[in-house]
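In full-length UniProt numbering, the protein residues as written are 1 to 185.
Ideal placement from N, C-alpha and C gives every residue a C-beta, glycine not left out.
Structure, as structure tokens:
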Amino acid sequence: MEDALIFLPKLIFTGKELIGENVERITRRMGDLRDVFEDKAAFEVMDPNLIAYHVSSIFPVKEGTPGGLFMGITYLMPGKVGDEYFMTKGHFHSNIDRAEFYWGVEGEGMLILMNEARDVWAERMYPGSLHYIPGGIAHRVANVGNSILTFAASWPSDAGHNYGIIAREGFARRLKEVNGKPELI
Ligand SMILES: O=P(O)(O)OC[C@H]1O[C@](O)(CO)[C@@H](O)[C@@H]1O
Ligand SMILES: [Fe+2]
């Protein structure tokens, strides 16, 4: 058991909290999303402590175990940076061929998808929408509504997250609000 004085600051810095047995909550604040938005001037005037989203996930087996499943629920706040909606960091899976399910619970969103050839497309998310994300596809979600967007996800326990490619190169198209509507540009 790690000493609480070492453990607690570590949780605060990583944005991770243990909220139950094998249940972890990640909080991502604007300051964690520096690479995500195009409009740097709009980004710089925002409070870096503002919470953009929480993800609560259950890890019944150890990360990396083949054959298991994880499940998480994401609460993405409404808002914009310039003309881009608040969105998740987005990632490929470290084991790139691993797939994932997302499903909409409440609110309005867009699931933005990109293959390794950098073709980008999007699917509308709404309460009850179901999305199969095949292996090899980077995924990110934007909240395009005025209320919280809640969606759930389930992914293989040996998928892992590769954030590096998206942090460096982004998605090849951006989802922006154009005349009050989301459009991939
Ligand atoms: O991991 P990101 O890109 O911050 O996005 C959060 C979503 O993706 C997942 O990490 C899983 O792919 C989920 O836990 C969550 O729904
Ligand atoms: Fe994923």
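Residue 1, buried or exposed, once every other Cβ within 10 Å from all chains shown has been counted against 16: The predicted model places residue 1 with a pLDDT of 47, which falls under 50 and marks its position as unreliable; any figure quoted below should be read in that light. Classification for residue 1: exposed.
Under 8 Å by Cβ, that's how I've got residue 72 and residue 153 pegged, so tell me the actual separation to the nearest angstrom. 5 Å
Any heavy atom of ligand 2 within a distance shorter than 7 Å of the CB on residue 155? yes
Exposed unless 16 or more other CB atoms sit within 10 angstroms - verdict on residue 179: exposed
With three or more C-beta pairs closer than 8 Å as the rule, is the segment 39-48 touching the segment 100-111? no
Report yes if the C-beta distance between residue 84 and residue 174 is below 8 Å; otherwise report no. yes
With distances taken from CA atoms, which of 140, 117, 135, 136 is nearest residue 123? 140
Please indicate yes or no: does the CB of residue 55 lie closer than 7 Å to some heavy atom of ligand 1? Result yes, Cβ under 7 Å from ligand 1.
Alpha carbon of residue 165 to alpha carbon of residue 159, nearest angstrom: 16 Å
My assumption, with CB atoms under 8 Å, is that residue 142 sits in contact with residue 92. Please give the rounded CB distance. The beta carbons of residue 142 and residue 92 sit about 18 Å from each other, so the pair does not count as a contact at 8 Å.
Quick check on residue 20: does DSSP put it in helix, strand or coil? Residue 20 falls in the strand class under three-state DSSP.
As an exercise, report each continuous beta strand (DSSP E) stretch of at least 3 residues that is fully enclosed by the UniProt domain "Glucose-6-phosphate isomerase prokaryote" (28-172), in chain order. With a minimum length of 3 residues, the continuous beta strand (DSSP E) runs that stay inside the UniProt domain "Glucose-6-phosphate isomerase prokaryote" (28-172) are 51-58, 69-76, 100-106, 109-114, 120-125, 130-133, 138-143, 149-156.
Residue 159 Cβ short of 7 Å to ligand 2 heavy atom set: Yes, the Cβ of residue 159 comes within 7 Å of a heavy atom of ligand 2.
Opposing strand residues paired with residue 26 [DSSP bridges]: 16, 55
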